[in-house]
Amino acid sequence: MKPLAGGAAVVGLVAAPWIAGDYVISLLAKVLVLGLLAMSVNLLTGVAGLPTLGQAAYFGMGAYAAALAARGFGAVGVVQVLLAGAIGAAVAALTGLVVVRARGVAFLMLTLAISELAFSAAQQWRPVTGGSDGRAAPPVVPVWGLPELRLDGLVYLWVLAVFLVLFGLVAAVVRAPFGLVLRGVRDNEARLRAAGYPVGRYLLGAYTLAGALAGMAGALWVSTQRYVSPSDLGFTVSALALIAVVLGGLGSMWGAVAGTALVVFTRDLVGGQLSGRGLLLLGAVFVLAVYLLPRGLAGAVRALRWRRA
Amino acid sequence: MTPLLELDGVSRRFGELRAVDEVTLTVADGARHALIGPNGAGKSTLFNLVGGALRPGTGTIRFAAHDITALPEWRRARLGIARTFQHSSLLLGCTVLDNVLVGVQRDVGARLWPLGRSRRRALAVRCREALAAVGLAGRETHAAGALSHGERRQLELAMALATAPRLLLVDEPAAGMSPAETARLTTLLADLPREVTVLLIEHDLDVVFGFADTVSVLHLGRVLATGTPDEVRAHRQVREAYLG
Numbered sequence: 001m002k003p004l005a006g007g008a009a010v011v012g013l014v015a016a017p018w019i020a021g022d023y024v025i026s027l028l029a030k031v032l033v034l035g036l037l038a039m040s041v042n043l044l045t046g047v048a049g050l051p052t053l054g055q056a057a058y059f060g061m062g063a064y065a066a067a068l069a070a071r072g073f074g075a076v077g078v079v080q081v082l083l084a085g086a087i088g089a090a091v092a093a094l095t096g097l098v099v100v101r102a103r104g105v106a107f108l109m110l111t112l113a114i115s116e117l118a119f120s121a122a123q124q125w126r127p128v129t130g131g132s133d134g135r136a137a138p139p140v141v142p143v144w145g146l147p148e149l150r151l152d153g154l155v156y157l158w159v160l161a162v163f164l165v166l167f168g169l170v171a172a173v174v175r176a177p178f179g180l181v182l183r184g185v186r187d188n189e190a191r192l193r194a195a196g197y198p199v200g201r202y203l204l205g206a207y208t209l210a211g212a213l214a215g216m217a218g219a220l221w222v223s224t225q226r227y228v229s230p231s232d233l234g235f236t237v238s239a240l241a242l243i244a245v246v247l248g249g250l251g252s253m254w255g256a257v258a259g260t261a262l263v264v265f266t267r268d269l270v271g272g273q274l275s276g277r278g279l280l281l282l283g284a285v286f287v288l289a290v291y292l293l294p295r296g297l298a299g300a301v302r303a304l305r306w307r308r309a
Numbered sequence: 310m311t312p313l314l315e316l317d318g319v320s321r322r323f324g325e326l327r328a329v330d331e332v333t334l335t336v337a338d339g340a341r342h343a344l345i346g347p348n349g350a351g352k353s354t355l356f357n358l359v360g361g362a363l364r365p366g367t368g369t370i371r372f373a374a375h376d377i378t379a380l381p382e383w384r385r386a387r388l389g390i391a392r393t394f395q396h397s398s399l400l401l402g403c404t405v406l407d408n409v410l411v412g413v414q415r416d417v418g419a420r421l422w423p424l425g426r427s428r429r430r431a432l433a434v435r436c437r438e439a440l441a442a443v444g445l446a447g448r449e450t451h452a453a454g455a456l457s458h459g460e461r462r463q464l465e466l467a468m469a470l471a472t473a474p475r476l477l478l479v480d481e482p483a484a485g486m487s488p489a490e491t492a493r494l495t496t497l498l499a500d501l502p503r504e505v506t507v508l509l510i511e512h513d514l515d516v517v518f519g520f521a522d523t524v525s526v527l528h529l530g531r532v533l534a535t536g537t538p539d540e541v542r543a544h545r546q547v548r549e550a551y552l553g
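Respectively, the protein sequence lines represent chains A and B.
When we follow this note's numbering, the leftmost residue of the first sequence carries the number 1, and every step to the right adds one.
When we follow this note's numbering, the leftmost residue of the second sequence carries the number 310, and every step to the right adds one.
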């Protein structure tokens with residue numbers, strides 16, 4: 001994204017609580033949180049070429065970790081985010097040892113299996129997760145000394161602050177040598193090996209980073225919803241994140257967030273006025289988008305810029 | 310002459326097929342060594358065994374006096390073995406520059422933070438030199454997928470050259486190239502500094518005999534003959550098996 005467009009987007013996001021109503025703001029917070037999840041999917045699917053349906057598992061683990069930490073030691077936001085990120089990274093590194101040996105559809109199926117296992121575990125490990133009742137969490141305290149955030153606008157600003165930091169970090173990783181190696185693996189794995197790269201280690205690194213990112217998004221999810229339940233790490237969440245990435249344009253990080261906005265606003269805002277036919281509408285939008293914008297929102301913007309140049 | 314690459318009794322079977330059968334071969338440091346033989350003779354398999362994409366069933370491979378038989382492909386690349394592929398093997402979704410850059414930046418490949426401007430520029434200079442050497446100057450920002458067949462072959466070579474290899478494995482570089490492109494390629498290979506040892510697979514015998522100081526003939530997975538171009542041309546079995 002061009003600096004000017006990026007700057008305008010940031011200003012708009014910061015100003016949003018003074019412009020939009022509570023409901024839209026809470027949706028916008030959802031967009032940012034799920035946008036981070038979509039970015040973690042995009043890092044694997046769009047950048048490294050590994051299609052995943054499992055990121056909701058690390059997202060959910062981060063959310064449970066944040067909720068349980070909040071009940072145990074208080075809901076300090078920074079601690080929640082870091083803890084959830086560490087847990088997401090640790091679990092992803094372990095599961096990744098198996099998963100990154102697979103490619104293509106096999107990879108997709110393994111990640112799907114992981115998210116289904118995590119879903120079952122969340123439902124059945126009642127003493128910890130509360131089973132299908134889920135776990136409630138107190139309002140978030142961003143850092144020690146601040147009051148609890150109860151207003152939607154304030155929670156949104158906390159989420160936005162973390163989002164901007166993480167977005168910047170991910171954008172740096174994608175532009176760094178590491179990101180180029182991942183794109184290389186996506187395009188031609190054999191060539192990267194011949195060029196001197198231990199491809200498996202790089203993919204495991206990417207999987208771990210994506211797990212950390214999804215985990216941190218999970219912690220923010222608890223800050224916005226003050227509640228976590230097994231459905232938060234179910235198939236639907238992973239699938240929506242993957243759809244958002246495709247809508248936004250594979251490989252583009254701002255595209256992933258824009259795609260998430262399209263998904264959330266279509267399903268919850270517009271769909272809400274169609275008496276619960278949000279998912280139907282989302283399906284229609286998806287079909288249309290795949291026909292009209294085969295390279296997603298990011299691809300459409302790129303094409304526009306080309307035409308003007 | 311000191312040997313750079315030594316294969317000792319190297320074999321590789323695919324099921325019942327002995328693709329490479331007890332091959333013993335020495336490539337001298339600085340040599341221009343060509344590998345010829347009919348289709349299915351095992352030339353590309355031999356490249357895969359040297360590069361590390363395949364492991365030999367038996368035998369040992371030494372590179373610069375180190376036993377590399379058990380080393381993975383990426384470690385061999387970092388020791389200085391670079392290769393081009395018979396069918397262009399590029400990063401078609403990346404720019405021409407990134408295709409070369411990915412090999413050049415492998416010492417910092419695991420960096421999660423972008424490089425500083427001066428280091429980026431230094432790496433880009435190396436890439437541009439390699440691209441200019443193969444005749445792709447000015448195409449840096451083009452998508453690799455938009456290149457023509459001949460240009461892809463050139464980029465393939467630039468990717469290998471940019472890593473400053475000690476041993477360059479070139480697999481049929483002239484395949485599908487026009488005579489003019491082939492001529493430029495031959496000059497480019499001939500002009501490489503002698504610190505780069507070249508092992509070349511090529512069907513175009515004019516290219517081979519114009520370029521190589523040593524020629525090995527492979528037939529049905531075995532080395533039929535090794536010698537100077539003149540010796541090989543005069544070899545009776547070679548004439549029967551290959552030259553006709």
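Using N, Cα and C, we set each Cβ at its ideal position, and we do this for glycine too.
Treat the numbers as computed from the prediction; the structure is a model and nothing was measured.
Please report the distance separating the alpha-carbon of residue i from that of residue j.
i: W254/A; j: I390/B; result: 39 Å
i: G296/A; j: V507/B; result: 45 Å
i: A136/A; j: V228/A; result: 6 Å
i: T491/B; j: R186/A; result: 31 Å
i: Q225/A; j: A442/B; result: 59 Å
i: G184/A; j: G131/A; result: 42 Å
i: L344/B; j: L497/B; result: 18 Å
i: M310/B; j: G339/B; result: 9 Å
i: L50/A; j: L110/A; result: 11 Å
i: A8/A; j: V14/A; result: 10 Å
i: W18/A; j: V162/A; result: 19 Å
i: L406/B; j: G412/B; result: 11 Å
i: G211/A; j: A419/B; result: 18 Å
i: R548/B; j: G179/A; result: 51 Å
i: F107/A; j: V434/B; result: 38 Å
i: V173/A; j: L424/B; result: 11 Å
i: A452/B; j: A244/A; result: 26 Å
i: C403/B; j: P381/B; result: 26 Å
i: I377/B; j: L182/A; result: 27 Å
i: V556/B; j: F372/B; result: This structure gives no information on residue 556/B, because the portion of chain B shown stretches from 310 to 553.
i: V417/B; j: R267/A; result: 43 Å
i: Q80/A; j: G72/A; result: 11 Å
With a threshold of 8 Å, establish whether the CB of residue i neighbours any heavy atom of the ligand FMN.
i: D22/A; result: Only the bare structure without any ligand can be found here, which leaves the ligand FMN out of the picture.
From what residue to what residue does the alpha helix (DSSP H) around residue i run?
i: G215/A; result: V199 to Q225
i: A391/B; result: No alpha helix (DSSP H) contains A391/B, which is instead part of the beta strand (DSSP E) from I390 to R392.
i: T129/A; result: R126 to T129
i: G412/B; result: V405 to V413
i: G72/A; result: Q55 to F73
i: V270/A; result: Looking at the DSSP string, V270/A is not in any alpha helix (DSSP H), and its letter there is neither H nor E.
i: K30/A; result: D22 to N42
i: S238/A; result: F235 to G248
Comparing alpha-carbon positions, which option in the options lies nearest residue i?
i: A354/A; options: L274/A, L269/A, L262/A and T52/A; result: Residue 354/A falls outside the range modelled here, since chain A spans only 1 to 309, and no answer is possible.
i: A118/A; options: R305/A, L250/A and G234/A; result: G234/A
i: Y197/A; options: P177/A, A210/A, A214/A and A300/A; result: P177/A
i: V409/B; options: G283/A, A195/A, V165/A and V170/A; result: A195/A
i: V526/B; options: F520/B, G519/B, R493/B and P538/B; result: P538/B
i: R542/B; options: A328/B, L401/B and F518/B; result: F518/B
i: L470/B; options: L358/B, R429/B, A386/B and T335/B; result: A386/B
i: R321/B; options: T335/B, A362/B and D500/B; result: A362/B
Between which two residues does the beta strand (DSSP E) carrying residue i extend?
i: E331/B; result: L326 to A337
i: L527/B; result: T523 to H528
i: A534/B; result: R531 to G536
With DSSP run on the structure shown, which of helix, strand or coil describes residue i?
i: R322/B; result: strand
i: E504/B; result: coil
i: H458/B; result: helix
i: E481/B; result: coil
i: G360/B; result: helix
i: G368/B; result: strand
i: P347/B; result: coil
i: D376/B; result: strand
i: D317/B; result: strand
i: A452/B; result: strand
i: L149/A; result: coil
i: R101/A; result: coil
Using a beta-carbon distance cut-off of less than 9 Å, what residues from the segment 186-204 of chain A approach chain B?
-> Taken in chain order, the members of the segment 186-204 of chain A whose beta-carbon sits within less than 9 Å of a beta-carbon on chain B are R186, D187, N188, A190, R191, L192, R193, A194, A195, G196, Y197, P198, V199, R201 and Y202.
What residues from the segment 158-179 of chain A come within 7 Å of chain B, judged by C-beta to C-beta, listed N to C?
-> The residues in question are A172, V173, R175, A176, P177 and F178.
Check distances from the C-beta atoms of the segment 399-429 of chain B to those of chain A and list, in chain order, the residues that come in under 7 Å.
-> Listed by position along the chain: L399, L400, L401, G402, C403, D407, L410, V411, G412, Q414, R415, V417, G418, A419, R420, L421, W422, P423 and L424.
According to a CB-to-CB cut-off of less than 7 Å, which residues of the segment 442-457 of chain B neighbour chain A?
-> Those residues of the segment 442-457 of chain B that come within reach of chain A (Cβ to Cβ, closer than 7 Å) do not exist; the list is empty.
Select from the segment 382-395 of chain B all residues with a C-beta closer than 7 Å to any C-beta belonging to chain A, and list them in chain order.
-> Under the 7 Å Cβ criterion, the segment 382-395 of chain B contributes E382, W383, A386, R387 and R392.
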